[in-house]
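A short worksheet on the structure shown next.
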Amino acid sequence: MESIKIHGEEDASSPNHSTPGGENQKKLSKLINKPSRKRDNNVNEDSDKSDSEDSPGAEINAKLEENTPTGPPKKPSRLFKAMEEEKYPFSIFRIESYIEKNLKGNKFYAGLCVYAALGFLLIMAPSTLGLLLRREKIPSIFVSISKQPSISGMQETFKVSVFLGVMFITYLCLWVSGGETTYFIIFLFKLMNKKITKDTRVLLFIFNDTQELIVLCTFFLFGIFQCNLFLENYVIFKSPVQGYELVGAVSFCFFILLVMFIGEKFFLKMAVAYCGNNVFSPRIGDLNLKMTIVRRLSSYAEAIEIGNLSILAGEIDAGIEITDSFLIHYADFSIKSIHYCEALIETIYSRLGCTTITKTHVREAFGGQWQDIWKFLQNQMGSKTTEDEERDEVEFDDLVSLTKLMYTERIDLKRTLQDRDNLLAKLDFILIVVASALTIVLITPVIGFDPVKYMAGIIPIIMSSGWLFSDIIKSVLNNFLFLLHEHPFDVGDKINTKDEELVVLRIDLMYTTFTSTGGTICYIPNKELINEKIFNIKRSDIQIEIVTVSVDNELEIDDINTLKTKIQDILKSKDLITKKNIHIQDYEIDNSKTKITFKIEYYCNFQDPEPKYNRRYKPMEIIHGVIKTSGFTYIEQKTHSSI
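What follows is the structure in structure tokens.
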């Protein structure tokens, strides 16, 4: 079935969305606060591509043709039609899926009813024709076969056909209802004017993910009931079983097996939702906001160039693709590489015919929500603002830096989520194998299968060769705990370990790939990293920066102490002593100039959505101010390192 839409929003191209301002624009904040449930981690996405490769594939381009509201719809080419036909090919084993993909609305239900009727008739036709040819009576349908001693072979086949036909219709009904249950629950919430809470949303997503297993589980539960109704009375856990009681026993075994699968997937997805996704939610929201801002500015610049602002008459998030992803992307907008960022921003400024973006531009582009957007952009420019002077323009370099930062962080996050999904898939496979083994051992005796007989010869072999696999099993379990629970790093993080500074490139179950400062690829087994000290620079709360400031004066030791005292007094008066600290590490006199080396400490988690520029700039502002108020001439500064 198709992916669900939790927010219940109207289509972005609806005629009701006529202005860039108003209540509709609140969806931007919804978009940021309520990311979807899965990731863009397909092999065709840019998470697996180099900076020089194009990100969107044929499907994205097709979506662009379909969803872009401007201009008449383009007639699809023959090649596109052929691709669509290949996408959902006809299969006799998945006719219901073919009907779903090719029929919509009432036609879908009509097609499904025709399919159910034809399927039931085909199942019943051979046995019914056999009864007619032999001129035998139709047996009692709701009486057990064992209670009809005079029943013939053809009559018995007829009862089996009835059972199979009813099971076929039962499956189709469960398949349809399972796919519509999520939408029905959302509809009830809307009908009762109830807000869908975070916990409810998580449960709906998990239900939607596991609906196929739930449908099959319910199907086999009906198999037990209908076996008693049409074939033979079966009592759960009865052993041994005889005749058609075996049908009920097998249905019961599959029912228990699927219950184990559903339970395993439910707890795994709950753990990911509440423990794993919370780690990434702030970063995802920050990236979604940046992507929306850049895309909207690009659309605004295009509208200014052609002199038609009416194309902006819609929501800020008009054209967004609502998919099973955390990271949003638009059908009409994409950033193909980091080299494309500067060209994109240059195009925006060129179309606007200006060198800076002002409040007026932002107001026209974002409508009623422009103040929040402007405040966000100011925070991104915090490294150049002061308390007394507020900048009222966005320069070219500012927007380029914002776009490049967004692109690199997006790629790192997509690769992180893809690697984590690969780990979870492997863990899911292991848990499924364990659940299957437990089910076979505990449940199959009800159908007369004794697993102990077969295990008696296998267990000694496993025990005698267990030492071969003990290290592997231990290593795998430790790696799962290390990567998923302890979670020491993500893709793109800069870490210090083994006396080296490395950047995480990819994360796998048995080893992690790094790049060194010189660009060399390094593979380190995770079992070695478990016992190593890992300093995650990108994730650290406190950042240390070594900065050298040149002063056009020869300073004495007393002057240095005076600077130190003034800096500490300012930190205390501004109530910043617990957040930032500035130390004078060294100074030297060179050609009538003094070079002062400062060690600056400040709270700055680079993966925190709050921009790092604001926190970094404040200490530098204090240093510059103290130098000037002390009567010295500031020349330049140089950052040596960031730790």
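Basically the numbering used here = 1-based index in the sequence shown + 1.
No residue lacks a Cβ here, since even glycine has one placed at the ideal position from N, Cα and C.
Check your understanding: Which residue comes first and which comes last in the beta strand (DSSP E) that contains Ile646?
Key -> In the structure displayed, the chain extends from 2 to 644; residue 646 sits before or after that span and is not available.
Review point. So, Glu555 versus Lys594, is the Cβ gap smaller than 9 Å?
Key: Going by C-beta atoms, Glu555 is nearer than 9 Å to Lys594.
Exercise for review: Put Leu503 into one of helix, strand or coil per three-state DSSP.
Suggested key: Note: Leu503 maps to strand in three-state DSSP.
Review point. Who are Asn582's beta bridge partners in DSSP?
Key: Glu602
Practice item. Provide the residue span of the alpha helix (DSSP H) that contains Val363, from first to last. Key: Lys360 to Phe367
Check your understanding: Does the separation of the CB atoms of Cys254 and Val434 fall below 9 Å?
Key -> no
Exercise for review: Report all residues from its chain with a CB closer than 8 Å to the CB of Glu589; omit the five preceding and five following residues, and keep chain order.
Suggested key: Residues Thr595 and Lys596 of the same chain have their beta carbon placed closer than 8 Å to that of Glu589, with the five preceding and five following residues left out of the count.
**Study point:** Start-to-end residues for the alpha helix (DSSP H) that takes in Asn103
**Key:** From DSSP, the alpha helix (DSSP H) with Asn103 extends over Ile96 to Asn103.
Review point. Nearest to Thr549 by CA position, among Ser300, Tyr635 and Pro241, is which residue?
Key: For the residues Ser300, Tyr635 and Pro241, the minimum Cα distance to Thr549 belongs to Tyr635.
Point to revise | For Phe190, the first and last residue of its enclosing alpha helix (DSSP H) | key: Gly154 to Leu192
**Study point:** Contiguous alpha helix (DSSP H) assignments of at least 4 residues, all confined to the stretch 260-315
**Key:** Qualifying alpha helix (DSSP H) stretches, in chain order: 278-307.
Point to revise | Which listed residue (Tyr99, Pro140 and Ala302) has its alpha carbon closest to that of Glu347 | key: Answer by Cα proximity: Ala302.
**Study point:** Three-state secondary structure (DSSP) of Ser1
**Key:** Nothing about residue 1 can be read from this structure; the chain reaches only from 2 to 644.
Check your understanding: How many angstroms separate the CA atom of Ala436 from the CA atom of Val363?
Key -> 56 Å
Exercise for review: For Tyr524, collect the residues of the same chain with a Cβ closer than 6 Å to its Cβ; drop the 5 residues on either side in sequence, then sort them by chain order.
Suggested key: Tyr512 and Thr514
Exercise for review: Return the residue from the list Ser252, Leu290 and Asp200 that minimises the CA-CA distance to Ala272.
Suggested key: Asp200
Check your understanding: Taking one C-beta from the stretch 484-499 and one from the stretch 415-429 each time, how about it: are there three or more such pairs within less than 8 Å?
Key -> yes
Practice item. Assess, as a yes-or-no matter, whether the stretch 552-572 is touched by the stretch 618-629 under the definition of 3 or more beta carbon pairs within less than 8 Å. Key: yes
Check your understanding: Going by DSSP, which residues form a beta bridge with Asp591?
Key -> Its beta-bridge partners are Lys594.
Check your understanding: Which residue from Phe397, Ser351 and Tyr172 puts its Cα closest to that of Leu113?
Key -> Of the residues Phe397, Ser351 and Tyr172, the one whose Cα lies closest to the Cα of Leu113 is Tyr172.
Review point. Whose C-beta lies closer than 7 Å to the C-beta of Phe221 among residues of the same chain, with five residues either side of it excluded?
Key: Excluding sequence neighbours, Phe221 sits near Ser252, Phe255, Phe256 and Leu259.
Exercise for review: Give the DSSP-derived three-state secondary structure of Val447 in the structure shown.
Suggested key: helix
Review point. Taking only runs of the alpha helix (DSSP H) that begin and end inside the stretch 206-248, which ones reach a length of at least 4 residues, in chain order?
Key: 212-227
Point to revise | Delimiting residues of the alpha helix (DSSP H) encompassing Lys108 | key: Asn107 to Arg135
Point to revise | Exposure label - Met261; buried when at least 16 CB within 10 Å | key: buried
Check your understanding: Is Arg95 near the ligand HEM, with its Cβ less than 8 Å from a heavy atom?
Key -> Ligands displayed in this structure: none; no statement on the ligand HEM is therefore possible.
Check your understanding: Out of curiosity, what's the CA-to-CA distance linking Pro351 and Glu396?
Key -> For the record, residue 351 in the displayed sequence is Ser; it is not Pro. Looking at the two C-alpha atoms, the distance is approximately 13 Å.
Point to revise | Backbone secondary structure at Asp47 - three-state DSSP | key: Low local confidence applies: a pLDDT of 43 at Asp47 is under 50, so the model's placement there is unreliable, with the coordinate-based value given in what follows. In the structure shown, Asp47 sits in a helix (DSSP, three-state: H, G or I).
Check your understanding: Rounded C-beta distance between Cys218 and Ile186? I'm assuming under 8 Å.
Key -> No, Cys218 and Ile186 are not in contact; Cβ-Cβ is about 19 Å, not under 8 Å.
Exercise for review: List the DSSP bridge partners of Phe497.
Suggested key: The sequence as given places Asn at residue 497; Phe does not occur at that position. Per DSSP, Glu502 and Phe536.
Point to revise | For Tyr512, the residue or residues it bridges with in DSSP | key: Pro526
Check your understanding: Roughly how many angstroms separate the alpha carbons of Gly131 and Cys174, rounded to a whole number?
Key -> 29 Å
Practice item. Please list, in chain order, all residues of the same chain as Ile225 whose beta carbon is under 8 Å from its beta carbon, the five residues on each side excluded. Key: Taking C-beta separations shorter than 8 Å and ignoring five residues to either side along the sequence, the partners of Ile225 in its chain run Tyr235, Ile237, Gly249, Ser252, Phe253 and Phe256, following chain order.
Exercise for review: Please go through the same chain and pick out, in chain order, the residues whose beta-carbon is closer than 7 Å to the beta-carbon of Gly120, but skip the five residues on each side of it.
Suggested key: Phe169
Check your understanding: Just checking my contact of Ile508 with Asp420 at CB under 8 Å: how many whole Å lie between their CB atoms?
Key -> 4 Å
Point to revise | Which residues DSSP lists as bridging Val395, in chain order | key: Ile358
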